[in-house]
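Student: Throughout the sequence shown, residue numbering follows mature numbering (1 follows the signal peptide of the UniProt record, and there is no 0), covering -23 to -1, 1 to 134 in sequence.
Where is the CB? At the ideal position from N, CA and C, for every residue including glycine.
Next up is a structure, given as structure tokens.
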Amino acid sequence: MKYCILTTGLAIAACSMSQPVLAATGNVTFNGTVAAICTLVVTNGSGTMTASPGLQSLSSHNAGGSPGTVTITTTGNVALSVGAPTAITVPPADITPITWSPTYSVAGAHTIAETGASSNLSTPGVDTVTVHLAGTKTGSDIFAAGSYSATVTVTCQ
């Protein structure tokens, strides 16, 4: 009996030593989504409009005028636009109609010639948006002396 017990013990020990340890593995899958976004940073929020020699145009395009600028960073697939001017102030002496026209152009990762219409930015990138504003009079109407101001909102969505 001793012999059988000893043999069985050796067989169990031999079996446990010859078996490799089983390795376990597992996979971890990562997913992510980046939404179509854009950020706007106003880099020059103070454009200047000057009067034309005939006083029928008040514009950032006229001599001495300057545009506003915005830096835009986008993932792409967004629309860029400028809204109609708001917070418009004119001197009390100016009683004739003014037609306001905001425009913009884009340079950087995208190139968009000056426009007032919405533009699609289909690819990612960083751009400088140059914003202009012009007010015009028609017929014999001219701008009166005094301070004028308006706000143009740049939108990216």
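On the criterion of 16 or more Cβ atoms from any shown chain inside 10 Å, does A64 qualify as buried, or is it exposed?
Tutor: Walking along the sequence shown from the start, residue 64 turns up at place 87. Under this definition A64 is an exposed residue.
Student: Once you ignore the five residues that flank V67 on each side, which residues in its own chain have a CB closer than 6 Å to its CB?
Tutor: As a first step, residue 67 must be located in the sequence shown, where it is residue number 90. Once the five neighbours on either side are set aside, the close Cβ partners of V67 are Y125.
Student: Using 8 Å as the threshold, is the C-beta distance between P62 and V129 below it?
Tutor: Position 85 of the sequence shown, counting from 1, holds the residue named residue 62. Position 152 of the sequence shown, counting from 1, holds the residue named residue 129. In this structure, V129 lies closer than 8 Å to P62 by Cβ.
Student: Got a sec, what are the start and stop residues for the beta strand (DSSP E) S82 sits in?
Tutor: Start at 1 with the first residue of the sequence shown, and residue 82 comes out as number 105. First-last of the beta strand (DSSP E) with S82: 76 to 85.
Student: Quick one: Cα of P(-4) to Cα of N8, how far?
Tutor: Along the sequence shown, read from residue 1 onward, the residue named residue -4 stands at position 20. Along the sequence shown, read from residue 1 onward, the residue named residue 8 stands at position 31. Answer to the nearest angstrom: the Cα atoms are 35 Å apart.
Student: By how many angstroms is the C-alpha of T100 removed from the C-alpha of T73?
Tutor: If you number the sequence shown from 1, residue 73 lands on position 96. If you number the sequence shown from 1, residue 100 lands on position 123. For T73 and T100, the distance between alpha carbons rounds to 44 Å.
Student: Give the straight-line distance between the Cα atoms of W77 and G112, rounded to the nearest whole angstrom.
Tutor: Here residue 77 refers to the residue found at position 100 of the sequence shown. Here residue 112 refers to the residue found at position 135 of the sequence shown. Looking at the backbone, the Cα of W77 and that of G112 are separated by about 4 Å.
Student: If you run the structure through DSSP and keep just helix, strand and coil, what is H38?
Tutor: As a first step, residue 38 is located in the sequence shown; it is residue number 61 there, counting from the start. Looking at H38 - three-state DSSP - the assignment turns out to be coil, as it is neither helix nor strand.
Student: Return helix, strand or coil for S58, following the three-state DSSP convention.
Tutor: For the purposes of this step, residue 58 is taken as the residue at position 81 of the sequence shown. Three-state DSSP puts S58 in a strand.
Student: Suppose you measure from the CA of K114 to the CA of V106; what does that come to, to the nearest Å?
Tutor: The residue labelled residue 114 in the question sits at position 137 within the sequence shown. The residue labelled residue 106 in the question sits at position 129 within the sequence shown. Taking the straight line from one Cα to the other gives about 27 Å.
Student: Where does the unbroken beta strand (DSSP E) through A127 begin, and where does it stop?
Tutor: Along the sequence shown, one-based indexing puts residue 127 at 150. Segment 126 to 128, the beta strand (DSSP E) holding A127.
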